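First comes the structure, then the notes that go with it.
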Amino acid sequence: MGRKVAGVIAVIGWASLILQFVLHMTNVVPEPTTLERFVRFFSYFTITTNIIVAATLTAIAFFPSTRFGRYASKPSTQAAVASYITIVGVVYSLFLRSVWDPAGWQAVADHALHDIMPLLAIIYWFVFAPKAGIVLADVAKWLMYPIVYVVYSLVRGAFVDWYPYWFVDVTQFGYPKSLAHTGLVLIAFAVVGFVYFGLSKLLAGRNESN
Numbered sequence: 000m001g002r003k004v005a006g007v008i009a010v011i012g013w014a015s016l017i018l019q020f021v022l023h024m025t026n027v028v029p030e031p032t033t034l035e036r037f038v039r040f041f042s043y044f045t046i047t048t049n050i051i052v053a054a055t056l057t058a059i060a061f062f063p064s065t066r067f068g069r070y071a072s073k074p075s076t077q078a079a080v081a082s083y084i085t086i087v088g089v090v091y092s093l094f095l096r097s098v099w100d101p102a103g104w105q106a107v108a109d110h111a112l113h114d115i116m117p118l119l120a121i122i123y124w125f126v127f128a129p130k131a132g133i134v135l136a137d138v139a140k141w142l143m144y145p146i147v148y149v150v151y152s153l154v155r156g157a158f159v160d161w162y163p164y165w166f167v168d169v170t171q172f173g174y175p176k177s178l179a180h181t182g183l184v185l186i187a188f189a190v191v192g193f194v195y196f197g198l199s200k201l202l203a204g205r206n207e208s209n
């Protein structure tokens with residue numbers, strides 16, 4: 000049952016990503032070049048995280064015996080992915096939802112990637128993901144992805160003068176405030192990671208007692 004659910008969520012994820020990619024690449028507001036538009040699409044944390052979610056669930060559903068399938072099926076991997084997509088939903092709702100009002104197909108893609116996929120992925124983790132064996136050190140490992148993303152965004156932004164999110168826009172806030180904003184976001188990642196660690200211990204303990 001879990002693999003079937005993972006497969007359905009993966010299909011929704013890939014369909015949402017493809018829709019967003021088409022909309023982004025055909026947007027009437029042009030970036031400097033087609034290549035730049037392409038790179039910017041993959042520079043959004045929402046996009047990279049939804050790719051991670053879709054790829055992980057695809058591996059679990061359809062390729063569980065492969066090396067990546069076994070890695071994706073690990074309790075630590077699934078908890079990490081759940082924490083990342085949780086941040087996508089929370090940060091979007093708190094800081095980004097109010098700054099624009101998508102319509103039409105853009106609204107469909109927007110809600111799919113920021114609302115539906117986080118909700119489905121979180122439900123999947125609670126119901127189907129294995130929870131035993133996650134240790135406290137895993138929480139620190141989970142921070143590597145957001146740290147690499149922040150470094151990439153700031154370094155690339157310094158060269159191309161473009162930042163994927165307003166709260167890390169150095170041209171608007173300068174480095175001190177932008178770094179402070181990113182620091183708060185990383186703290187949020189750590190907090191969410193600890194929450195998933197605690198939940199994994201609680202839920203694994205209940206499963207063992209049943």
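Residue numbers (numbering that gives the first Met the number 0): 0 to 209. We put the CB at the ideal spot given by N, CA and C, even for glycine. Please read all numbers here as calculations on a predicted model, not as lab measurements.
Whose C-beta lies closer than 7 Å to the C-beta of residue i among residues of the same chain, with five residues either side of it excluded?
i: phenylalanine 20; result: Phe40
i: valine 52; result: Gly12, Val80, Ile84, Met116, Ala120
i: glycine 156; result: Tyr162, Val169
i: alanine 9; result: Ala53, Leu56, Thr57, Ala60
i: glycine 67; result: Looking at the sequence shown, residue 67 is not glycine but phenylalanine. Closer than 7 Å at Cβ, skipping near neighbours: Ala58.
i: tyrosine 144; result: Tyr83
From residue i to residue j, what does the alpha carbon distance come to, in whole angstroms?
i: valine 104; j: threonine 32; result: First, the residue type needs correcting, since residue 104 is tryptophan and not valine in the sequence shown. About 24 Å.
i: tyrosine 148; j: alanine 203; result: 31 Å
i: phenylalanine 44; j: valine 87; result: 8 Å
i: isoleucine 186; j: glutamine 77; result: 20 Å
i: alanine 131; j: tryptophan 161; result: 42 Å
i: glycine 125; j: alanine 106; result: Residue identity check: residue 125 is phenylalanine in the sequence provided, not glycine. For phenylalanine 125 and alanine 106, the distance between alpha carbons rounds to 27 Å.
i: valine 167; j: glycine 173; result: 9 Å
i: proline 74; j: threonine 65; result: 16 Å
i: leucine 34; j: methionine 24; result: 10 Å
i: valine 98; j: tryptophan 165; result: 9 Å
i: leucine 16; j: alanine 111; result: 9 Å
i: serine 208; j: leucine 201; result: Because serine 208 sits at a pLDDT of 41, beneath the cut-off of 50, its placement in the model cannot be relied upon, and the point is left open.
i: isoleucine 133; j: phenylalanine 127; result: 15 Å
i: leucine 18; j: valine 28; result: 17 Å
i: proline 175; j: valine 150; result: 14 Å
i: histidine 180; j: valine 7; result: 35 Å
i: leucine 198; j: leucine 118; result: 17 Å
Which term fits residue i, buried or exposed, when burial requires 16 or more other beta carbons within 10 angstroms of its beta carbon?
i: aspartate 109; result: buried
i: isoleucine 122; result: exposed
Could you say which of the options lies nearest to residue i if we only look at CA atoms?
i: leucine 153; options: Leu178, Val191, Val38; result: Leu178
i: valine 184; options: Met0, Val90, Val7, Ala136; result: Val90
i: leucine 93; options: His113, Ala102, Gln77, Ile146; result: His113
i: valine 210; options: Leu142, Phe37, Val150; result: Summary: the structure shown does not reach residue 210, with the chain confined to residues 0 through 209, and so no result is reported for it.
i: threonine 48; options: Ser72, Phe196, Ser82; result: Ser82
i: glycine 1; options: Thr170, Pro129, Trp99; result: Pro129
i: proline 101; options: Tyr195, Val159, Leu22, Lys140; result: Leu22
i: isoleucine 59; options: Leu34, Ser72, Met24; result: Ser72
i: glycine 182; options: Val159, Val7, Ile146; result: Ile146
i: alanine 136; options: Tyr195, Gln171, Ile46, Thr25; result: Tyr195
i: alanine 5; options: Glu35, Ser42, Leu56, His180; result: Leu56
i: valine 159; options: Val28, Lys3, Arg36; result: Arg36
i: alanine 3; options: Ile50, Ala14, Ile46, Phe61; result: The sequence given here has lysine at residue 3, not alanine. Here the closest residue by C-alpha is Phe61.
i: lysine 140; options: Phe193, Val7, Ile46, His180; result: Phe193
Residues in the same chain with beta-carbon distance under 8 Å from residue i, minus the five sequence neighbours each way, listed in chain order, please.
i: arginine 69; result: Pro63
i: alanine 189; result: Val138, Leu142
Could you name the residues of the same chain whose beta carbon sits closer than 6 Å to that of residue i, not counting the 5 residues immediately before and after it, in chain order?
i: leucine 95; result: none
i: serine 42; result: Pro163
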